[in-house]
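Colleague: The structure follows.
Residue numbers (this note's numbering): 17 to 173.
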């Protein structure tokens with residue numbers, strides 16, 4: 017690509033050693049290697065996405081051709097594309113056909129029942145805690161009144 021030979025690489029290495037020094041050169045090489053690796057991964061990802069988009073566009077065009085011809089007298093290319101699309105559609109719907117509905121329904125109902133029981137228990141414990149807090153607050157208020165006003169206790173007796 018850049019047509020860099022062995023002697024050019026040696027010259028670049030010597031210049032890097034002189035400019036950066038022996039302490040910073042390994043760090044610079046690791047950093048450069050990381051950048052190159054990241055650029056390669058990015059280009060591979062872009063290439064794969066473009067290839068997939070082109071394949072999808074081709075399948076879409078072939079599907080239009082098949083629909084226009086009424087799915088009769090299809091060329092081998094269009095027939096292959098149609099077969100690929102049918103297999104893809106079958107692979108998408110196949111996992112949903114294999115689900116055991118009885119086991120799923122039993123699991124769902126038991127899960128719902130346990131969550132309802134848990135919620136009811138939480139509500140009961142919250143109500144009990146509120147009643148306990150209220151009664152303890154009332155008792156402490158009564159005690160503070162008795163301490164502040166000892167004569168009112170004598171009058172009630």
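Just so it is clear, CB atoms sit at the ideal spot from N, CA and C, and this is done for glycine as well.
Any idea what DSSP makes of residue 59, helix, strand or coil?
Modeller: Here residue 59 sits in helix by DSSP.
Colleague: For residue 33, name the three-state secondary structure that DSSP assigns.
Modeller: Correct three-state label for residue 33: helix.
Colleague: Could you check if residue 97 is buried or exposed, using at least 16 other CB atoms within 10 Å of its CB as the buried criterion?
Modeller: Flag for residue 97 reads buried.
Colleague: On the criterion of 16 or more Cβ atoms from any shown chain inside 10 Å, does residue 94 qualify as buried, or is it exposed?
Modeller: By the 10 Å Cβ count, residue 94 comes out buried.
Colleague: Taking just the CA atoms, how far does residue 52 sit from residue 70?
Modeller: If you take the alpha carbons of residue 70 and residue 52, they lie about 27 Å apart.
Colleague: Cβ atoms of residue 44 and residue 54: under 8 Å apart, would you say?
Modeller: Result no, Cβ atoms of residue 54 and residue 44 do not sit closer than 8 Å.
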